[in-house]
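Residue numbering for the sequence shown follows full-length UniProt numbering, beginning at 1 and increasing consecutively.
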Amino acid sequence: MQFLRKNCVLGPLKKGKIRRRKMTDFDDTGNLKMDRCTILIQGMTCGSCVANIQNGMKKVDGVHDIIISLLAGKADVFYDAAQILPSQIASRIEEMGFDAQLIDNPQPDVGRLEVLISGMTCASCEAKLEAQVRKIPGILTCNVSHLLAKGSFTYDRFSCGPRKIISAIEIMGFGCSLISRPDDRFRNLNNFEEIRRWRNSFFVSLIFGLPVMLIMIYFHWFKHTTTNPANQILIVAGVSLDNFLLLILATPVQ
């Protein structure tokens, strides 16, 4: 043992306490899990007080971020529960000379977002989008409809924002845009573009389809070309006039 102490490559062993660090938790996506607590702070008078608290708390192990509202007199602290407790955070603020009171059940600052989503074709697209968006930390509710081509979301403003939600949707290959005006919503609900496309297809089919019906009525019912080949008008050998006209008119419709 003495030989190991003297000749160890790392140097002689020293007696002392071994500092143990707590393991931090990660979620399924590999991001650090952070809890949030809200603390009422009394005694802040200016922006300098806010800066002092923020700078002091960011040096505390386990505190990742702190957002302070001077007018509201409160702070939202994002921390690692494996390293520090909310009561300890409040105590650290009190050590700086401020009165701190922990709010047990803070209500989240809820934001609402409605977006137009293009590219959805079935209910499976809805399920995939909702599952992907719900993975974002801070998402409270998620409702996607492929029939309306719209998504409605509520989220915690301190944890995420509209950009994160829109980015997650676009990464999956869908188009996404904010509903900025009521006209955009009604335009999408009525599917004007799709209605216009099908209407144009109908008129094209009608323009070419009616002559086809008239040709068939004249040649097949009046001249009986199907039962009496002698009544057929041949353009070239094996090609009759009625079949040639039907070929020309039916091709654009198909």
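Quick reminder that beta carbons are idealized off the backbone N, C-alpha and C, glycines included.
*Can you tell which of 159, 227, 48 and 173 has the C-alpha that lies nearest to the C-alpha of residue 70?*
Nearest C-alpha to residue 70: 48.
*Quick one: is residue 80 near chain C, going by C-beta distance under 8 angstroms?*
Among the chains in the structure shown there is no chain C, since it carries only a single protein chain.
*Specify, as a first and last residue, the run of the alpha helix (DSSP H) that residue 164 falls within.*
162 to 171
*Where residue 147 and residue 125 are concerned, what is the direct C-alpha to C-alpha distance, given to the nearest angstrom?*
11 angstroms
*In chain order, what residues of the same chain lie with their CB nearer than 7 angstroms to the CB of residue 232, ignoring the 5 residues before and after it?*
225 and 240
*Straight-line CA distance for residue 26 to residue 137?*
For residue 26, the predicted model reports a pLDDT of 49, less than 50, meaning its position is unreliable and no value from the coordinates is stated.
*In whole angstroms, what is the alpha-carbon distance linking residue 132 and residue 166?*
11 angstroms
*Chain-order list of residues whose beta-carbon lies under 6 angstroms from that of residue 266 (same chain, five-residue window excluded)*: Only positions 1 to 254 of the chain appear in this structure, which leaves residue 266 out of reach.
_Under DSSP, the beta strand (DSSP E) around residue 148 begins and ends at which residues?_
Counting along the chain, residue 148 falls outside any beta strand (DSSP E), and DSSP gives it neither H nor E.
*Can the beta-carbon of residue 117 be found closer than 8 angstroms to that of residue 153?*
no
*Determine the DSSP secondary structure at residue 253, reduced to helix, strand or coil.*
In the three-state DSSP reduction, residue 253 falls in the helix class (H, G or I).
*Would the beta-carbon of residue 111 fall within 8 angstroms of that of residue 157?*
yes
_With a threshold of 6 angstroms on Cβ separation, who are the neighbours of residue 141 within its own chain once the five nearest residues in sequence on each side are excluded?_
154
*Between residue 272 and the rest of its own chain, which residues show a CB-CB distance below 6 angstroms, the 5 nearest in sequence each way excluded?*
Here the chain covers residues 1 to 254 and nothing more, so residue 272 does not appear.
*Would residue 208 pass as a contact of residue 245 if the rule is Cβ separation under 8 angstroms?*
no
*asked:* Less than 7 angstroms separating the Cβ of residue 238 from some heavy atom of the ligand NAD?
replied: Of ligands this structure carries none, so the ligand NAD is not represented either.
_Exposure label - residue 204; buried when at least 16 CB within 10 Å_ = exposed
*Around the C-beta of residue 163, are 16 or more other C-beta atoms found within 10 angstroms, so that it is buried, or is it exposed?*
exposed
*Starting from the C-beta of residue 56, find all residues in its chain whose C-beta is less than 7 angstroms away, skip the five residues before and the five after it, and write them out in chain order.*
96
*Pull up the distance between the alpha-carbon of residue 159 and that of residue 145, whole angstroms please.*
25 angstroms
*Going by Cα to Cα distance, which pick from 198, 194 and 219 is closest to residue 149?*
It is 194.
*Alpha carbon to alpha carbon, how far is residue 84 from residue 121?*
47 angstroms
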